[in-house]
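S.K.:
In mature numbering (1 follows the signal peptide of the UniProt record, and there is no 0), the protein residues as written are -21 to -1, 1 to 76.
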């Protein structure tokens, strides 16, 4: 009985901690670009250069890369956050340009 109590308590604590450790993905922007700098890390020229390189890469390979710079993942696993972000924003298609 004592073990059951600890299992329930541990499960509750873990679920509570995981629910707080979630990054809130920003709303899908109206304007499509390749670089979203939410941390203001890049200068305007750096951002422009990176965007041009990513556009050129997309044109030559048909693979689109989007860069999002954020201050913190707020405890969320970066691999899962990237996948969730992509799923939340969906695919950029020619209809959205």
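Yeah, the Cβ is synthetic: ideal placement off N, Cα and C, and Gly gets one too. This structure is a prediction, so every number in the text was calculated from the model and none was measured.
1. Go ahead and label residue 26 buried or exposed: buried means 16 or more other beta carbons lie within 10 angstroms of its beta carbon, across all protein chains shown.
2. In this structure, does DSSP put residue 50 in helix, strand or coil?
3. What residues are listed by DSSP as bridge partners for residue 45?
4. Using DSSP with H/G/I as helix, E/B as strand and the rest coil, what is residue 15?
5. Starting from residue 25, trace the alpha helix (DSSP H) both ways and give me its first and last residue.
6. What's the gap between the Cα of residue 14 and the Cα of residue 7?
7. Figure out for me which residue from 58, 17 and 12 has the closest Cα to the Cα of residue 50.
8. If you follow the alpha helix (DSSP H) that residue 59 is part of, which residue opens it and which one closes it?
9. Check the C-beta distance from residue 44 over to residue 60 and give it rounded, since I have them as a contact under 8 Å.
M.R.: Well, looking at it:
1. Label assigned to residue 26: buried.
2. Residue 50: coil per DSSP, three-state reduction.
3. DSSP output for residue 45 lists no bridge partner at all.
4. Looking at residue 15 - three-state DSSP - the assignment turns out to be strand.
5. Per DSSP, residue 25 belongs to the alpha helix (DSSP H) from 23 to 40.
6. Taking the straight line from one Cα to the other gives about 13 Å.
7. Comparing Cα positions, the closest option is 17.
8. Element bounds for residue 59: 57 to 68.
9. Between the beta-carbon of residue 44 and that of residue 60 there is about 16 Å, and that puts the pair past the 8 Å contact cut.
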